[in-house]
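To keep things clear, I will list the structure first and then write my remarks on it.
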Amino acid sequence: MRLPKGEDKNISDSGDMARIMQKVLWRQNRHHRNKEYFWTIGIGPTNDIDYIELVTIGTRNRNILAPVDVFSLAVSKKCTKVIFCHNHPSGKLEPSKSDLKFTDEMERAGAILGITMLDHIIITETDYISIQ
């Protein structure tokens, strides 16, 4: 997936990544933004974005993902750092118990693979929260 126009591929914090991902989300038409998207972002050694992968488009409030779905591109590209991002179409930033459990499970799975999960960001069209 391409970076939005005018965005630098180097990030310094969660706010940079959230802003970029909100722009990616805004590219979708209004109808499709009512679903939950989940992306994996590969980060290079100098904090440059190596890739942004749309892993799945779920329902209004849920995505079902396994470690193989989340880490397959990172493994194939030998990327050792990732950021996860998903949106909450409801507009509420509060992470669900499922979000927290998923983050913990993926952090452990990544560690086994030698991939560091730097962050998991939840975005809405106007705001974000880091749950890592």
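Going by my numbering, the final residue of the sequence shown carries number 133, and the count climbs one at a time with no gaps.
The beta-carbon is built from N, C-alpha and C at its ideal position, and this holds for glycine as well.
Chain-order list of residues whose beta-carbon lies under 7 Å from that of residue i (same chain, five-residue window excluded)
i	result
THR117	THR81, LYS82, GLY111
ILE76	Contrary to the premise, residue 76 reads as Val rather than Ile in this sequence. The residues are LEU114.
VAL56	PHE39, TRP40, THR41, LEU66, ASP70, VAL71
LYS78	GLY43, ASP51, TYR52
ALA19	ILE122, ILE124, TYR129
Contact under 8 Å by Cβ, residue i with residue j
i	j	result
ASN88	ILE44	no
CYS86	ILE132	no
ASP120	ILE84	yes
DSSP beta-bridge partners of residue i
i	result
THR117	LYS82
SER131	ILE122
ILE42	ILE53, ILE84
ASN11	ASP49
Same chain, Cβ closer than 6 Å to residue i, neighbours up to 5 away in sequence not counted
i	result
PRO68	ALA110
LEU74	GLU54
Sequence-distant residues of its chain with Cβ nearer than 8 Å to residue i (five each side left out)
i	result
ILE113	none
LEU94	ILE123, THR125, ASP128, TYR129, ILE130
Residue i, DSSP secondary structure in three states
i	result
ASP105	helix
LEU26	helix
LYS98	helix
GLY1	Absent from the model: residue 1. The displayed extent of the chain is 2 to 133, so no value can be given.
Cβ-heavy atom distance, residue i to the ligand FMN, below 7 Å
i	result
VAL83	This structure lacks the ligand FMN; in fact it carries no ligand of any kind.
Runs of beta strand (DSSP E) lying entirely within the stretch 54 to 89, each at least 3 residues, in chain order: 82 to 88
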